[in-house]
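Engineer: Going by full-length UniProt numbering, the first residue of the sequence shown is number 1, and it counts up by one from there.
Each residue gets a CB set at the ideal place from its N, CA and C atoms; glycine is no exception.
Pasting a structure here, questions to come.
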Amino acid sequence: MTIAINNLHKRFGKNQVLKGIDLSIDEGRIYAILGPNGSGKTTLIKSILGMVIPDKGEISVLEQSIKKGWKYRKKIDYLPQIANFPPNIKVKELINMIKDLRNSPSSEAELIELFGLEPFLNKKLSTLSGGTKQKVNIVLTFMFDSPLIILDEPTTGLDPKALIRLKELIQKEKAQGKTILITSHIMQFVEEMADEILYLLEGEIYFKGSIQELLEQTKQTNFEHAIAAITTTDSHA
Ligand code: ADP
């Protein structure tokens, strides 16, 4: 099991955001974390990453409790939703900086080629378009070889060609046995990529299962409609 979560609770002030999440994430599969805005998706991901400290509950990543230190984070490649890059440094410098920080083997050259970033390597980050910034964000995430990959809205701003490249890249990582968690508002992307859907609602896992199971439970034939119908049918996990 790649991630095991037991009875996870998190509250911000009076706002009880996670209400006893139990979850197991298996190796070599792609999971989509879905749910309405404010349902706790980011809080759940940040708890796994150790960026949010839970009030109660246990999380283990690759068979190790995350309370036992930060080193497990080296086994996670995380693509943040909003990449706040330093504006005045060049793309090349940023890539080298992250490489130095991680101090792990990296394979940025093929990714730079894959996303056509060569012409931008000597440009400052502040001069790049949103889509190009996202391509840089993707290179920084995928250039390391970690067993667990967490992608927060990875398709943001991408043109169709880059989107195809991203999908191929994710499938390639999966074929290598990696575990991938994705949040996305793009249902077509989720439908194409996800082996399993995790639907969060009001701080609980409301549905966990395959797209086929979701369609059956909601009696829908269309994935997007099934997601919309999920809370109106008895599809509680
Ligand atoms: P989602 O990613 O599903 O949109 P979030 O996990 O970002 O949901 O947020 C869930 C709830 O927790 C929201 O009501 C949000 O305002 C609140 N929240 C998230 N992070 C913080 C924080 N650092 N401080 C206070 N409230 C927070």
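Please classify Asn122 as buried or exposed, where buried requires at least 16 other C-beta atoms within 10 Å of its C-beta.
Structural biologist: With fewer than 16 other Cβ atoms within 10 Å, it is exposed.
Engineer: Cα separation between Asn7 and Leu181?
Structural biologist: Cα to Cα, Asn7 sits roughly 19 Å from Leu181.
Engineer: Are the beta-carbon atoms of Val91 and Leu114 separated by less than 9 Å?
Structural biologist: Against a cut-off of 9 Å, the Cβ pair of Leu114 and Val91 comes out as no contact.
Engineer: Within 10 angstroms of the Cβ of Ser235, are there 16 or more other Cβ atoms? Answer buried if so, exposed if not.
Structural biologist: Interpretation of Ser235 is limited by its pLDDT of 48, a score under 50 that renders its predicted location unreliable; the figure taken from the coordinates is listed afterwards. With 16 or more other Cβ atoms within 10 Å, it is buried.
Engineer: As a quick check of your reading: which residues have a C-beta less than 5 Å from at least one non-hydrogen atom of the ligand ADP, in chain order?
Structural biologist: Taking each Cβ in turn, the ones that pass are Phe12, Val17, Asn37, Gly38, Ser39, Gly40, Lys41, Thr42, Thr43.
Engineer: Is it the case that the Cβ atoms of Val17 and Gly40 are separated by a distance below 9 Å?
Structural biologist: The answer is yes: Cβ separation under 9 Å.
Engineer: Is it a yes or a no for the segment 76 to 86 touching the segment 149 to 163, going by three-plus beta-carbon pairs under 8 Å?
Structural biologist: These segments touch.
Engineer: Could you give the distance in angstroms between the alpha-carbon of Asn15 and the alpha-carbon of Phe120?
Structural biologist: Going by the C-alpha atoms only, they are around 43 Å apart.
Engineer: Is the separation between the beta-carbon of Pro154 and that of Gln134 shorter than 9 Å?
Structural biologist: In this structure, Gln134 lies closer than 9 Å to Pro154 by Cβ.
Engineer: Would Glu63 and Met1 qualify as a contact pair, given that the criterion is a beta-carbon distance under 9 Å?
Structural biologist: Against a cut-off of 9 Å, the Cβ pair of Met1 and Glu63 comes out as a contact.
Engineer: Taking its Cβ as the centre, do 16 or more other Cβ atoms sit within 10 Å of Asn137, making it buried, or is it exposed?
Structural biologist: Classification of Asn137: buried, given that the 10 Å Cβ count is 16 or more.
Engineer: Tell me whether the segment 201 to 220 and the segment 20 to 33 touch, counting them as touching only if at least three CB pairs, one residue from each stretch, are closer than 8 Å.
Structural biologist: These segments touch.
Engineer: Whether or not the segment 208 to 217 and the segment 45 to 52 are in contact is what I'm after, with contact meaning three or more pairs of Cβ atoms, one per stretch, closer than 8 Å; do they touch?
Structural biologist: At 8 Å Cβ cutoff, the stretches do not touch.
Engineer: Inspect the beta-carbon positions of Ile33 and Thr183 and report whether they are closer than 9 Å.
Structural biologist: Yes, Cβ-Cβ distance for Ile33 and Thr183 is below 9 Å.
Engineer: Is it buried or exposed, Asp26, if we count other Cβ atoms within 10 angstroms and call 16 or more buried?
Structural biologist: Exposed is the call here.
Engineer: With C-beta atoms as the reference, is Met187 less than 9 Å away from Glu224?
Structural biologist: Yes. Within cutoff.
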